[in-house]
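Notes follow the structure.
In this note's numbering, the protein residues as written are 96 to 193.
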C-alpha cells in the first residue's frame, strides 16, 4: 500500500537541536505525490515546521505504532493556509473518513 493510501502516518519533525519528534497524524492523499495532514497552527509540529521543512513519514496506526517492516521516507512538509487549505480540506475531513 502506498503512503497516500494510508489513513494515518507517523510524521517525524525535528527540533532545532536535531531531536526527532514522531507524531501520528490523520492523512489525506492530495495527488500522486503529496499527502496532507491536519494540525493546529499553535502545535509543536507547526512550530517545528516553521523552522525546518525536513520530515520523515511512515505508515502507522492511530496510536502512532509504525507498521512492522515499514521504513521511514524522507520528505518535505509545508504549512498551508487560506484558499490552499480550503481546497485540501474539501477533499475529506477526519470526521468523515472511513
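Built from N, CA and C at the ideal position, the CB exists for glycine as well. Since the structure is predicted, the reported quantities are computational estimates derived from the model, not experimental observations.
Beta-carbon proximity check, residue i vs residue j, cutoff 9 Å
i, j, result
"residue 174", "residue 141", "yes"
"residue 129", "residue 177", "no"
"residue 108", "residue 172", "yes"
"residue 103", "residue 159", "yes"
"residue 161", "residue 143", "no"
Spatial distance of residue i from residue j (CA atoms)
i, j, result
"residue 164", "residue 97", "14 Å"
"residue 119", "residue 145", "19 Å"
"residue 150", "residue 157", "19 Å"
"residue 126", "residue 113", "30 Å"
"residue 169", "residue 154", "13 Å"
Unbroken beta strand (DSSP E) run spanning residue i, endpoints
i, result
"residue 124", "115-124"
"residue 170", "168-171"
Helix, strand or coil at residue i [DSSP, three-state]
i, result
"residue 190", "Residue confidence for residue 190 is low, a pLDDT of 46 falling below 50, so the modelled location carries little weight and cannot support an answer."
Candidates the options: closest to residue i by CA position
i, options, result
"residue 101", "172, 171, 124 and 167", "124"
"residue 182", "170, 131, 153 and 162", "131"
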